[in-house]
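Numbering (the numbering used here), first residue to last: 16 to 342. The structure appears right after this line, and notes come after that.
So this is what it looks like as structure tokens:
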């Protein structure tokens, strides 16, 4: 989720350096009126799955939906760069960090309401936790998500999926906050496609999602969820930090298969390394930088292009001050 398109840079249009400092100071003060947890020059590496990335000028962490609404309403009313971060999976933060405000949505913005097979989850709800809650209530439809370390909001924006299922299968409605105010968008109107939705273009920020599940025997739901979790743990790396699949699957094929056949397993740049377990994962095996990850990704793309004529496209999203060549 972002306040601007996912290829986010964060710049200060029309402002000189002295003006930027003054504006940042004013914004910090204004945000502290609306949110208790406002951090300046906060390193973002601890806040993302990759454990990579420089600082945000300002990091804001709302404690509840009230603070979230107040912060978003304030930010949407200003010509100032901001980005929204969920659980920090599927994103690579620039080594130079992120200019402007980063809004982190997680704990505290995670209330869940069940009404029969209808579930309303706030955007910061941890997706595997929601899947477990649904399973105990005998509700099927979220089993695929038990191994996806994402927030509900981020999963909707990215149309997260696994095992042939995705969020588009179950999202009935989302409530978003836009510069014009709050509004509901039906799932059918979200433009869902493979790992994307219209929400990636911003500036709408997801507040909650309504999911429609199916009643089923709780034991059957749990067994299916556990089986898919076992399969995921057997076929994907567990341990070193990563951000999930690096590349989107090309039509009719799997990026991991092509990367493996191109001889890329074990390839590394600095402490960024292609996983020996699943070739579409790049691991942070120590102190990898974002530059290491992108340099390694470029090598992988070149090898796959040379051998198969296939142009791999990044699935992870780039957030912050990257060079123009970063892709």
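Don't be surprised by glycine CBs; every beta carbon is placed ideally from N, CA and C. Everything numeric in this text was worked out from a predicted model, so none of it was measured.
Length of the line joining the Cα atoms of residue i and residue j
{"i": "residue 89", "j": "residue 241", "result": "42 angstroms"}
{"i": "residue 323", "j": "residue 263", "result": "16 angstroms"}
{"i": "residue 39", "j": "residue 76", "result": "17 angstroms"}
{"i": "residue 301", "j": "residue 47", "result": "35 angstroms"}
{"i": "residue 305", "j": "residue 64", "result": "13 angstroms"}
{"i": "residue 187", "j": "residue 172", "result": "14 angstroms"}
{"i": "residue 58", "j": "residue 230", "result": "43 angstroms"}
{"i": "residue 259", "j": "residue 50", "result": "31 angstroms"}
{"i": "residue 384", "j": "residue 74", "result": "Nothing in the structure corresponds to residue 384, since the chain is present only between 16 and 342."}
{"i": "residue 234", "j": "residue 78", "result": "35 angstroms"}
{"i": "residue 181", "j": "residue 144", "result": "16 angstroms"}
{"i": "residue 313", "j": "residue 239", "result": "37 angstroms"}
{"i": "residue 299", "j": "residue 67", "result": "8 angstroms"}
{"i": "residue 121", "j": "residue 85", "result": "16 angstroms"}
{"i": "residue 162", "j": "residue 308", "result": "23 angstroms"}
{"i": "residue 202", "j": "residue 189", "result": "7 angstroms"}
{"i": "residue 337", "j": "residue 152", "result": "45 angstroms"}
{"i": "residue 60", "j": "residue 71", "result": "10 angstroms"}
{"i": "residue 42", "j": "residue 246", "result": "47 angstroms"}
{"i": "residue 146", "j": "residue 158", "result": "6 angstroms"}
{"i": "residue 254", "j": "residue 62", "result": "17 angstroms"}
{"i": "residue 328", "j": "residue 265", "result": "8 angstroms"}
{"i": "residue 286", "j": "residue 110", "result": "14 angstroms"}
{"i": "residue 249", "j": "residue 257", "result": "16 angstroms"}
Helix, strand or coil at residue i [DSSP, three-state]
{"i": "residue 293", "result": "coil"}
{"i": "residue 280", "result": "coil"}
{"i": "residue 97", "result": "strand"}
{"i": "residue 133", "result": "strand"}
{"i": "residue 66", "result": "coil"}
{"i": "residue 172", "result": "helix"}
{"i": "residue 46", "result": "helix"}
{"i": "residue 263", "result": "coil"}
{"i": "residue 272", "result": "helix"}
{"i": "residue 127", "result": "strand"}
{"i": "residue 163", "result": "coil"}
{"i": "residue 72", "result": "strand"}
{"i": "residue 60", "result": "helix"}
{"i": "residue 39", "result": "helix"}
{"i": "residue 214", "result": "helix"}
{"i": "residue 300", "result": "coil"}
{"i": "residue 181", "result": "strand"}
Contact belief for residue i with residue j at Cβ below 8 angstroms, rounded distance in angstroms
{"i": "residue 237", "j": "residue 150", "result": "5 angstroms"}
{"i": "residue 321", "j": "residue 284", "result": "About 18 angstroms separates the two Cβ atoms, so there is no contact after all."}
{"i": "residue 166", "j": "residue 193", "result": "With 8 angstroms as the limit, residue 166 and residue 193 do not qualify as a contact, their Cβ atoms being about 19 angstroms apart."}
{"i": "residue 98", "j": "residue 113", "result": "6 angstroms"}
{"i": "residue 293", "j": "residue 271", "result": "6 angstroms"}
{"i": "residue 170", "j": "residue 148", "result": "The Cβ separation is near 15 angstroms, so there is no contact."}
{"i": "residue 124", "j": "residue 80", "result": "6 angstroms"}
{"i": "residue 168", "j": "residue 103", "result": "The pair is not a contact, with the Cβ atoms about 12 angstroms apart (cut-off 8 angstroms)."}
{"i": "residue 261", "j": "residue 106", "result": "Residue 261 to residue 106, Cβ: 12 angstroms. No contact."}
{"i": "residue 175", "j": "residue 160", "result": "7 angstroms"}
Limits of the alpha helix (DSSP H) - the one that residue i falls within
{"i": "residue 305", "result": "305-323"}
{"i": "residue 196", "result": "Not the alpha helix (DSSP H): residue 196 falls in the beta strand (DSSP E), residues 196-201."}
{"i": "residue 253", "result": "Taken as a continuous stretch (DSSP letters only), residue 253 belongs to no alpha helix (DSSP H), as it is neither H nor E."}
{"i": "residue 142", "result": "142-151"}
{"i": "residue 83", "result": "80-91"}
Beta strand (DSSP E) segment containing residue i, residue limits
{"i": "residue 226", "result": "220-227"}
{"i": "residue 115", "result": "113-119"}
{"i": "residue 189", "result": "186-193"}
{"i": "residue 334", "result": "332-334"}
{"i": "residue 238", "result": "Not the beta strand (DSSP E): residue 238 falls in the alpha helix (DSSP H), residues 233-250."}
{"i": "residue 344", "result": "This structure does not reach residue 344, given that the chain is present from 16 up to 342, and the question cannot be answered."}
{"i": "residue 104", "result": "Run containing residue 104: none; DSSP gives neither H nor E here."}
Quick one: any contact between the stretch 269-287 and the stretch 215-235, if contact means 3 or more CB pairs under 8 angstroms?
no
Three or more C-beta pairs closer than 8 angstroms, one from the stretch 198-206 and one from the stretch 84-99: is that the case here?
no
Can we say the stretch 211-220 touches the stretch 124-137, given the rule of at least three CB pairs closer than 8 angstroms?
no
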